[in-house]
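Offset between the sequence shown (1-based) and this note's numbering: plus 231. Heads up, the thing below is written out as structure tokens.
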Amino acid sequence: MKILVLNGPNLNMLGIREPDIYGKSTYDDLVKMIGEHCEKAGVEVSCKQSNSEGALVDMIQQAYFDKVDGIVINPGAYTHTSVAILDALKAVSIPAVEVHISKVDERESFRQISYVSYYASKTITGKGFEGYIEAIDYLVVQ
Ligand code: DQA
232 MKILVLNGPN LNMLGIREPD IYGKSTYDDL VKMIGEHCEK AGVEVSCKQS
282 NSEGALVDMI QQAYFDKVDG IVINPGAYTH TSVAILDALK AVSIPAVEVH
332 ISKVDERESF RQISYVSYYA SKTITGKGFE GYIEAIDYLV VQ
């Protein structure tokens with residue numbers, strides 16, 4: 232089982248960025264936590280992050296050629312704007328779970344639309360880093 236964990240813009244700034252919303256732990260802490268969980272679960276995982284929409288599209292397309300079995304994606308602000316990321320997920324047709332660290336549904340109105348949700352089998356919000364673990368476990372049992 233091969234899983235790709237993809238994080239979008241500003242998620243490399245975890246720990247620095249609005250800690251009252253996203254917490255004090257860093258992106259490196261997140262990658263470490265995911266790595267440890269996947270090792271125990273016997274899952275091969277690759278964690279990638281980009282601030283660029285096109286780079287995220289490229290990474291999703293590459294997942295097809297790398298024969299990835301599942302994608303966990305937090306598209307950051309591109310969640311609310313990117314048809315290109317939605318189309319990339321549809322193009323590769325790899326099962327995907329959408330994750331948001333914060334409770335997006337309780338935030339600004341512009342965060343209430345998610346293009347990725349049109350494709351994702353499941354959306355997990357407001358569970359902090361634990362949401363990524365839940366997403367991985369969900370993909371493993373599918
Ligand atoms: C986020 C929520 C988005 O609205 C925001 O733009 C982010 C992070 C989250 O993880 O809660 O960058 O996806």
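Using N, Cα and C, we set each Cβ at its ideal position, and we do this for glycine too.
Measuring CB to CB, does Ala351 end up less than 7 angstroms from Val303?
no
Grab me the residues of Ile252's own chain with a C-beta within less than 7 angstroms of its C-beta, minus the 5 sequence neighbours each way, in chain order.
Excluding residues within five positions, the ones whose Cβ falls inside 7 angstroms are Ser333.
Would you tell me roughly how many angstroms separate the C-alpha atoms of Ser324 and Gly254, rounded to the nearest one?
32 angstroms
If you draw a straight line from the alpha carbon of Thr312 to that of Ile355, how long is it in whole angstroms?
18 angstroms
How about Asn238 and Gln292: do their beta carbons lie closer than 7 angstroms?
no
Between which residues of its own chain and Val276 is the CB-CB distance below 7 angstroms, once the five residues before and five after are set aside?
Here the set comprises Ile234, Val236, Ile265, Gly266, Cys269.
Taking the continuous beta strand (DSSP E) assigned at Gly301, which residues delimit it?
Counting along the chain, Gly301 sits inside the beta strand (DSSP E) bounded by residues 301-305.
Heavy atom of ligand 1 less than 6 angstroms from the Cβ of Val374, yes or no?
No answer is possible for residue 374: the residues shown for the chain start at 232 and end at 373.
Would you mind working out which of Asn305, Tyr369, Gly273, Gly359 sits nearest Tyr346, comparing C-alpha positions?
Asn305
With a threshold of 16 other CB atoms inside 10 Å of the CB of Ala327, please say whether the residue is buried or exposed.
Classification of Ala327: buried, given that the 10 Å Cβ count is 16 or more.
Does ligand 1 have even one heavy atom less than 6 angstroms from the beta-carbon of Ala308?
yes
Looking at the secondary structure, which residues open and close the beta strand (DSSP E) in which Gly233 lies?
Just to set this straight, residue 233 is Lys in the shown sequence, not Gly. That run of the beta strand (DSSP E) goes 233-238.
Near Val288, which residues of its chain fall below 7 angstroms by C-beta distance, leaving aside the five closest residues on each side in sequence?
Ala315, Ile316, Ala319
Given Ile364, which residues of its chain have a CB within under 8 angstroms of its CB, disregarding the five upstream and five downstream residues?
Its chain contains Met264, Ile265, His268 as the residues whose beta carbon lies nearer than 8 angstroms to that of Ile364, once the 5 sequence neighbours on both sides are disregarded; these appear in chain order.
Please report the straight-line C-alpha distance between Asp247 and Asp259, rounded to a whole angstrom.
Per the sequence shown, residue 247 should be read as Ile rather than Asp. The alpha-carbon atoms of Ile247 and Asp259 are separated by roughly 12 angstroms.
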